[in-house]
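Written out below as structure tokens is the structure these notes cover.
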Amino acid sequence: MNKSKDYLPNGDDIFNGYQLNFMTVLLANYGSWLINGSDVNALQVKQSAWASAYAAGGIGNKGTRTPAQVRAKTLARKDYEKAMREFVKRFISSNPLVSDPQKVALGVTVPKTHRTPAPVPNTTPNVDATQGNGNQVKVFFKQQPDEKGVSRRGKPKGIALMEILYKVGDTPPATVNDCNLSAMASRSPLKLNFDASNCGKKVYGFCRWRNTRNQPGEFTQLPLQVVIP
């Protein structure tokens, strides 16, 4: 029997409806939550195994299913549930990009907290850019030297992401409004990949923090500049 506070429901039919909703919400949002597609694909493999076993050994086939099919369904659900719990623990529960309403939509537990909401960022990131492998540019970012944060190399307290608005070309942008491309990362460095046709061109970008409520701070005043290798 499931514990009263367990977010996974009892009953195969109820569980099947639950997991279909969970995966639908996940597939629509995992990119914005910065969850790797490979981790989502691994969970989909467990889902497919469950779907096949449930179709053969579920209550809908009560009159024709075999004991072996029922056992296969039970094992597939157990394996799928384990994978779901591990996934939620690793990528959902403590992910600052997954809001409480989104957790409710997924059907997972929303922890009660009385923490003070993260303030709107009032500083800018300390950034530097270098050429990476191939036609890649790496943008390194960290908090300012005199700023309190999670680590000397990391982001300030309450910050979830570093965002860059950038452009490719020889003419420097006069303002952020001249930049037509954007990217975000939760960990340094942020990697920008370009086509080989852009080799030798310059990249200019303005950077800013976003807090755990996805609220942005101010952009850096001077544009970052690097040549695409």
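Once you know that position 110 of the sequence shown is 109 in numbering that gives the first Met the number 0, the rest is easy, because the numbers rise by one and skip nothing.
For glycine and all other residues, C-beta sits at the position ideal for the given N, C-alpha and C.
All figures in this text were calculated on a predicted structure; none of them were measured in a lab.
Comparing alpha-carbon positions, the option among Asn9, Arg207, Val39, Ala67 lying closest to Phe139 turns out to be Arg207.
By the neighbour-count criterion, in which 16 or more other beta carbons inside 10 Å mark a residue as buried, Cys198 falls on the exposed side. Runs of the beta strand (DSSP E) spanning 3 or more residues and lying entirely within the stretch 153-182 occur at 158-167, in chain order. Within the same chain, and ignoring the five residues on either side of Val69 in sequence, the residues whose Cβ sits closer than 7 Å to its Cβ are Gly56.
Out of Gly59, Gly204, Asp169, the CA that lies nearest to the CA of Asn176 is found in Gly204.
Judged by their CB atoms, Asn213 and Gln135 are not nearer to each other than the 8 Å cut-off. For Val24 and Gly36, the gap between their C-alpha atoms comes out near 14 Å.
Collapsing the DSSP output to three states places Pro215 in a strand.
Beta-carbon to beta-carbon, Ala184 and Leu223 are separated by about 14 Å, too far to satisfy the 8 Å threshold.
The secondary-structure analysis by DSSP pairs Phe139 across a beta bridge with Asp127. The way I'd put it, the stretch 115-135 doesn't touch the stretch 48-67; fewer than three beta-carbon pairs between them come closer than 8 Å. For Arg207, DSSP records a beta bridge to Glu162.
Taking 8 Å as the cut-off, the Cβ atoms of Pro116 and Lys141 do not count as close.
Taking 8 Å as the cut-off, the beta carbon of Gly157 is found closer than this to the beta carbon of Thr211.
Boundaries of the alpha helix (DSSP H) harbouring Leu42: 36-56, taken from the DSSP string. Taking 8 Å as the cut-off, the Cβ atoms of Asp99 and Val109 count as close. Pairing Pro188 with Lys137 gives a Cβ-Cβ distance under 8 Å. If the five residues before and after Lys190 are omitted, its C-beta is found closer than 7 Å to the C-beta atoms of Gly131, Gln135, Lys137, all from its own chain and listed in chain order. Counting C-beta atoms within 10 angstroms of its own C-beta, Gln18 has 16 or more neighbours from the protein chains shown and is therefore classed as buried. If the five residues before and after Tyr29 are omitted, its C-beta is found closer than 7 Å to the C-beta atoms of Val39, all from its own chain and listed in chain order. At a Cβ-Cβ threshold of 8 Å, Arg76 and Trp49 count as neighbours. Distance from the CA atom of Ala41 to the CA atom of Ala104, rounded to whole angstroms, is 21 Å.
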